[in-house]
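Asker:
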Amino acid sequence: MAGYGTLNVVSKGPVVRAVFDNPPINILDYKVFSDLHAFLTGLKKDPNPPKVVIFSSANPKFFFSHYDLHILSGSSPLPPPLDPEEVSRKFVESARMMSSMGVVFIAEISGQSLGAGNEILLQMDMRFAAPGTKLGSLEIGLGMLHAGGGSQYLTKLIGRGRALEYLLSASTVDADTAERIGWVNKSFPSVEEMITYVDKLAHRIASFPAAALAATKDSVNEQAPPEDALNRDLGRITALARTSEAQMALTKFLELGNDQQPGPWEDGLNDNLLRLWQS
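Residue numbers (our numbering): 940 to 1218.
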């Protein structure tokens, strides 16, 4: 097992399992982004990388909870010497490395993954879901948008109308609904059945030549959103995050959620977002 702090990696030849573990709620903070970026950069530089990487979570309740809001908050920013722009850069670069690298990335989801967590999942190559899965965007509830590739990749998967339905309402989907509309490849009645299926699939994929796998992924990626569109979204969310409305919502979120700690706020997060706009 190799350690990347919040990311534990177990290698089984051409298939690697990488498990996120950032207690208490697997929040996407500077530690996760730094560890994920280091892991992916290592894969990119490796002359003989694994053919398949399976991502999962050590927390059955949270795959990823969401972006650490201190990265965006003006009233409660990251403590120095942490740089919000550097943290965000590692997030964006990590997501783009997964979508563009020749390695095949598969997600085993069995918990909540909202906002930036959903954006990362959408840029993996396949997603499988077990009971307890909850996917969605929360950014509209903070006066922002699902950037980082989330809006474009989700639209590619489920279509314009459905993407707008979930993005504009900040509604979430469970495992079965996600499978039915194409958000994930397949849902399972148990975590154990999901792991068995994904493990078999990963090793089947890894039995084929790496060059052919990479070329096939490159071919499919011809349909991916163009990079300039993704860059424009980063400009949009940067501008929105500076508005008084967004900053008010971020401050209120951190207060009502006990600074992003476990509890009823995070458990019912997307419905609780409505409280941010109640007087």
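Glycine included, every Cβ here is placed at the ideal spot set by N, Cα and C.
Computed from a predicted structure; not experimentally measured.
Note the first and the last residue of the continuous beta strand (DSSP E) segment covering Leu946.
Answerer: Unbroken beta strand (DSSP E) run through Leu946: Leu946 to Lys951.
Asker: Please report the residue range of the alpha helix (DSSP H) in which Met1036 lies.
Answerer: Pro1023 to Ser1039
Asker: Roughly how many angstroms lie between the CA atoms of Pro1070 and Ser995, to the nearest whole one?
Answerer: Taken atom to atom, the span from the alpha-carbon of Pro1070 to that of Ser995 is near 14 Å.
Asker: How big is the Cα-Cα spacing for Thr1072 and Phe1002?
Answerer: Approximately 8 Å between the Cα atoms of the pair.
Asker: Our contact map puts Met1040 next to Leu982 with C-beta atoms below 8 Å; I'd like the distance itself, whole angstroms only.
Answerer: 7 Å
Asker: Determine, using beta carbons only, whether Gln1062 and Ala1168 come nearer to each other than 8 Å.
Answerer: In this structure, Ala1168 does not lie closer than 8 Å to Gln1062 by Cβ.
Asker: Identify whether Lys1000 lies in helix, strand or coil by the three-state DSSP scheme.
Answerer: coil
Asker: Closer than 6 Å by C-beta to Ala1178: which residues in its own chain qualify, once you throw out the five before and the five after it? Chain order, please.
Answerer: none
Asker: Could you work out which residue in Tyr969, Ala1153, Thr1190 and Asp974 is closest to Val948 when comparing CA atoms only?
Answerer: Asp974
Asker: Check Gly1075 in the structure and name its three-state DSSP category.
Answerer: strand
Asker: Would you say Ala1069 touches the ligand NAP, meaning its beta carbon is less than 7 Å from a heavy atom?
Answerer: This structure simply doesn't include the ligand NAP, nor any ligand for that matter.
Asker: What span of residues does the beta strand (DSSP E) with Val955 cover, start to end?
Answerer: Val954 to Phe959
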